[in-house]
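Colleague:
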Amino acid sequence: MSTGSHRLLAGDAVINTQTLLSHQTLAEAISSTMYIYDTYESPWQDEELGMLRDACAKFFASECAPHMERWREQGEVDRELWRTAGQAGLLLAEIPSQYGGGGGSYLHETVILEEMHAAGISGWGVQVHSQIVAPYLLHYGSEEQKQRWLPKMASGELVGAIAMTEPNTGSDLQSVATTAVRDGDDYIINGSKTYITNGQHADLVIVVAKTGPGTGAKGLSLIVAETDANPGFQRGRNLKKMGMPAADTSELFFEDCRVPVSNRLGEEGKGFIQLMSQLPQERLNIAQAAVVMAERAIAHTLDYVKERKAFGQRVLDFQNTKFGMAELVTETRIGRTFVDRCLMDHIEGKLDSATASMAKYWCTDMQCRVVDECLQFHGGAGYMDEYEISRMYTDARVQKIYGGTNEIMKELISRTLG
Ligand SMILES: Cc1cc2nc3c(=O)[nH]c(=O)nc-3n(C[C@H](O)[C@H](O)[C@H](O)COP(=O)(O)OP(=O)(O)OC[C@H]3O[C@@H](n4cnc5c(N)ncnc54)[C@H](O)[C@@H]3O)c2cc1C
Numbered sequence: 416m417s418t419g420s421h422r423l424l425a426g427d428a429v430i431n432t433q434t435l436l437s438h439q440t441l442a443e444a445i446s447s448t449m450y451i452y453d454t455y456e457s458p459w460q461d462e463e464l465g466m467l468r469d470a471c472a473k474f475f476a477s478e479c480a481p482h483m484e485r486w487r488e489q490g491e492v493d494r495e496l497w498r499t500a501g502q503a504g505l506l507l508a509e510i511p512s513q514y515g516g517g518g519g520s521y522l523h524e525t526v527i528l529e530e531m532h533a534a535g536i537s538g539w540g541v542q543v544h545s546q547i548v549a550p551y552l553l554h555y556g557s558e559e560q561k562q563r564w565l566p567k568m569a570s571g572e573l574v575g576a577i578a579m580t581e582p583n584t585g586s587d588l589q590s591v592a593t594t595a596v597r598d599g600d601d602y603i604i605n606g607s608k609t610y611i612t613n614g615q616h617a618d619l620v621i622v623v624a625k626t627g628p629g630t631g632a633k634g635l636s637l638i639v640a641e642t643d644a645n646p647g648f649q650r651g652r653n654l655k656k657m658g659m660p661a662a663d664t665s666e667l668f669f670e671d672c673r674v675p676v677s678n679r680l681g682e683e684g685k686g687f688i689q690l691m692s693q694l695p696q697e698r699l700n701i702a703q704a705a706v707v708m709a710e711r712a713i714a715h716t717l718d719y720v721k722e723r724k725a726f727g728q729r730v731l732d733f734q735n736t737k738f739g740m741a742e743l744v745t746e747t748r749i750g751r752t753f754v755d756r757c758l759m760d761h762i763e764g765k766l767d768s769a770t771a772s773m774a775k776y777w778c779t780d781m782q783c784r785v786v787d788e789c790l791q792f793h794g795g796a797g798y799m800d801e802y803e804i805s806r807m808y809t810d811a812r813v814q815k816i817y818g819g820t821n822e823i824m825k826e827l828i829s830r831t832l833g
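My numbering numbers the first residue of the sequence shown as 416 and each following residue consecutively.
1. Is Glu572 closer than 8 Å to Ser607 when the C-beta atoms are compared?
2. Within 7 Å: the Cβ of Val744 and any heavy atom of ligand 1?
3. Beta carbon of Ala569, beta carbon of Gly516: below 8 Å?
4. Going by DSSP, what residue range makes up the alpha helix (DSSP H) through Ile828?
5. Flag this pair as touching only if the stretch 512 to 529 and the stretch 698 to 706 have three or more C-beta atom pairs under 8 Å; answer yes or no.
6. With DSSP collapsed to three states, give me the class of Pro628.
7. Which same chain residues, not among the five before or five after Gln615, have their C-beta less than 7 Å away from its C-beta?
8. Rounded to whole angstroms, what's the CA-CA distance from Pro511 to Asp760? Just pull it up for me.
9. For Gly518, does the three-state DSSP call read helix, strand or coil?
10. Is the beta carbon of Ile823 within less than 7 Å of some heavy atom of ligand 1?
11. Per the DSSP calculation, Gly606 is bridged to which residue(s)?
12. Near Met824, which residues of its chain fall below 7 Å by C-beta distance, leaving aside the five closest residues on each side in sequence?
13. Smallest Cα separation from Asp643: which of Leu680, Val574 and Pro695?
14. DSSP three-state call for Asn700: helix, strand or coil?
15. Sort out for me which residues DSSP pairs Glu581 with in a bridge.
16. Is the beta carbon of Val623 closer than 8 Å to that of Pro591?
17. Out of curiosity, what's the CA-to-CA distance linking Leu743 and Gln513?
18. Which value, in whole angstroms, describes the spacing of the CA atoms of Thr736 and Tyr455?
19. By the 10 Å Cβ neighbour count, where 16 or more other Cβ atoms means buried, how is Asp755 classified, buried or exposed?
20. Just curious, the alpha helix (DSSP H) that Gln489 is in, first and last residue?
21. Are Pro695 and Leu766 closer than 8 Å when you measure CB to CB?
22. Classify Gly795: buried if its beta carbon has 16 or more other beta carbons within 10 angstroms, exposed otherwise.
23. Assess contact between the stretch 674 to 682 and the stretch 626 to 639, defined as three or more Cβ pairs (one per stretch) separated by less than 8 Å. Is contact present?
24. Strictly by DSSP, which residues pair up with Ile527?
25. Quick check on the DSSP output: the alpha helix (DSSP H) that includes Gln562 runs from which residue to which?
26. With 16 other CB atoms within 10 Å as the buried threshold, where does Tyr551 fall?
27. Only counting the same chain, and skipping five residues up and downstream in sequence, which positions put a Cβ closer than 8 Å to that of Leu699?
28. How big is the Cα-Cα spacing for Ala508 and Lys655?
29. For the putative contact between Ala709 and Thr747, defined by C-beta atoms under 8 Å, what is the C-beta separation to the nearest angstrom?
30. Determine the DSSP secondary structure at Ile762, reduced to helix, strand or coil.
31. Quick check on this structure: which residue in Thr594, Ser557, Pro675 and Glu488 has the alpha carbon closest to the alpha carbon of Gly658?
32. Quick check: what's the CA-CA separation for Thr716 versus Phe669?
33. Please state whether DSSP places Thr503 in a helix, a strand or coil.
34. What residue from Ser805, Lys724, Phe726 and Asp671 has the CA that sits closest to Ile713's CA?
35. Check the C-beta distance from Val543 over to Ala500 and give it rounded, since I have them as a contact under 8 Å.
Rendered as structure tokens:
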């Protein structure tokens with residue numbers, strides 16, 4: 416691997432491996448990022464992405480892994496991590512460099528996401544920031560909005576969140592009760608949101624609000640609320656969860672919250688269509704994470720069952736273990752090849768909503784099955800917090816819920832069946 420400065424893409428790409436590599440003080444500590452499928456390489460992987468992968472692995476080993484335990488206890492990552500990641504070029508990798516981004520593609524985002532999960536960094540909402548919020552601004556924002564927000568998001572000065580879910584509605588997005596009523600050049604937003612990733616750190620929140628009450632999907636708009644010095648905005652609790660304790664998942668309250676009309680993304684009433692067109696990427700993203708986390712669970716479990724002895728032999732040597740592990744490895748490989756195909760379709764702009772939904776529901780179900788079986792192969796140790804597999808188990812469960820529940824995924828797939 417080269418340790419020199421290297422432009423990862425031709426043209427305007429500015430992701431720079433030298434900046435990333437300066438964070439490799441704990442380079443030796445990255446054994447957790449090994450992949451067990453040495454024989455399989457994703458067809459989209461190339462040398463450039465391989466260098467980014469190495470650099471990311473080192474960043475997560477040096478800048479995140481040593482703090483993970485503390486972040487779990489404090490219920491969120493340090494705010495400073497956003498700036499450190501910004502300096503290293505890890506934020507907004509697929510956003511054009513004219514807006515401060517890395518000038519890469521979704522493949523660069525994929526590599527960052529994979530390495531984060533492969534390193535066991537759980538709970539940092541960077542994918543919401545880089546792969547959900549930033550693309551909304553890029554695709555639907557005006558030139559002025561993009562220039563105002565994206566460079567600061569790329570540097571980590573601003574943290575982004577998206578607030579769809581409310582205490583009384585999640586899956587049924589058309590029923591959001593939060594309103595945004597015009598008053599001169601402002602909207603006045605009233606309502607509450609919950610389970611919002613990055614809620615405590617967010618400086619800008621894309622709020623899904625009704626601008627035309629009673630008109631269903633056509634009544635929704637996306638409005639960016641800037642949280643700084645905004646008296647109508649309040650953060651609620653950072654909610655305690657069964658897994659991902661380092662994830663900031665918060666309540667947000669809007670009470671006569673004034674936001675300039677110029678902060679709306681795109682036309683009024685287009686919010687639902689905008690959401691529907693961006694959700695496939697979010698779902699693919701969750702599917703990709705599911706595959707990496709399943710692979711990681713398998714790698715940990717193989718280490719364990721090779722070490723652990725029962726009845727005078729390695730636990731791996733029981734036929735039940737060997738066959739069980741063979742099934743898990745196979746299922747995970749199926750997930751990876753499907754996700755790779757979805758990823759390549761997505762790069763070509765061909766990934767449809769139903770296929771993204773298939774990937775999301777199948778891969779997250781698979782992840783939960785794999786992790787559950789892997790925990791079983793650990794015996795009692797698997798139930799102990801000090802064994803990572805127990806954390807993987809509690810972290811995994813939410814994957815079937817957020818980004819649209821797996822039942823909603825099946826609903827979306829079934830709508831294409833005629
Ligand atoms: C850790 C975490 C982070 C999150 N981050 C964010 C975020 O950043 N921003 C955000 O806006 N939201 C976020 N969410 C919210 C998440 O997207 C919602 O929880 C999810 O969409 C489900 O909505 P709900 O909780 O209201 O469940 P409900 O919609 O109340 O669903 C309850 C049950 O009914 C089922 N159901 C509902 N409708 C149907 C149907 N038509 N057919 C069959 N079954 C159905 C569901 O599948 C589910 O099993 C997050 C959630 C969690 C747990």
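From the three backbone atoms N, C-alpha and C, an ideal C-beta is built for every residue, glycine too.
Modeller: If we stick to the structure as given:
1. It is not a contact, given that the beta carbons lie outside the stated cut-off.
2. Every heavy atom of ligand 1 is 7 Å or more from the Cβ of Val744, so no.
3. The answer is yes: Cβ separation under 8 Å.
4. If you look at Ile828, you'll find it in the alpha helix (DSSP H) that goes Asn821 to Ser829.
5. The stretch 512 to 529 makes contact with the stretch 698 to 706, as at least three CB pairs between them are under 8 Å.
6. Reduced to three states, the DSSP call for Pro628 is coil.
7. For Gln615, where only same-chain residues beyond five positions count, the Cβ hits under 7 Å are Glu491, Arg650, Asn653, Asp663 and Ser665.
8. Going by the C-alpha atoms only, they are around 21 Å apart.
9. In this structure, Gly518 counts as coil in the three-state DSSP scheme.
10. Yes.
11. Phe669.
12. Hits under 7 Å: Ser772, Lys775 and Tyr776.
13. It is Val574 whose Cα lies nearest to the Cα of Asp643.
14. Reduced to three states, the DSSP call for Asn700 is helix.
15. According to DSSP, which records beta bridges pairwise, Glu581 is partnered with Thr584.
16. Going by the sequence as given, residue 591 is Val instead of Pro. Remark: C-beta atoms of Val591 and Val623 approach each other more closely than 8 Å.
17. Cα to Cα, the separation comes out at about 44 Å.
18. In this structure, the CA atom of Thr736 is about 23 Å from the CA atom of Tyr455.
19. The residue in question, Asp755, is buried, as its Cβ has 16 or more Cβ neighbours within 10 Å.
20. Counting along the chain, Gln489 sits inside the alpha helix (DSSP H) bounded by residues Met483 to Gln489.
21. If you check the CB distance, Pro695 and Leu766 come in under 8 Å.
22. Classified as exposed, Gly795 has fewer than 16 neighbouring CB atoms from the shown chains inside 10 Å of its CB.
23. Because the criterion of three Cβ pairs below 8 Å is met, the stretch 674 to 682 and the stretch 626 to 639 touch.
24. Beta-bridge annotation (DSSP): Ile527 is not paired with any residue.
25. Looking at the DSSP string, the run of the alpha helix (DSSP H) that includes Gln562 is Glu558 to Ser570.
26. Of the residues assessed, Tyr551 falls on the buried side of the cut-off, its CB having 16 or more other CB atoms within 10 angstroms.
27. Hits under 8 Å: Val754, Cys757, Leu758, His761, Leu766, Ala771, Ala774 and Lys775.
28. Their Cα atoms are separated by approximately 30 Å.
29. Sure, about 5 Å apart at Cβ, within 8 Å.
30. Looking at Ile762 - three-state DSSP - the assignment turns out to be helix.
31. Looking at the Cα atoms, Glu488 is the closest of the given residues.
32. Going from the Cα of Thr716 to the Cα of Phe669 covers about 46 Å.
33. Residue 503 is actually Ala in this sequence, not Thr. Reduced to three states, the DSSP call for Ala503 is coil.
34. The residue from Ser805, Lys724, Phe726 and Asp671 with its alpha-carbon nearest to that of Ile713 is Ser805.
35. Contact between Val543 and Ala500 does not hold, since their C-beta atoms are separated by about 13 Å, which reaches or exceeds 8 Å.
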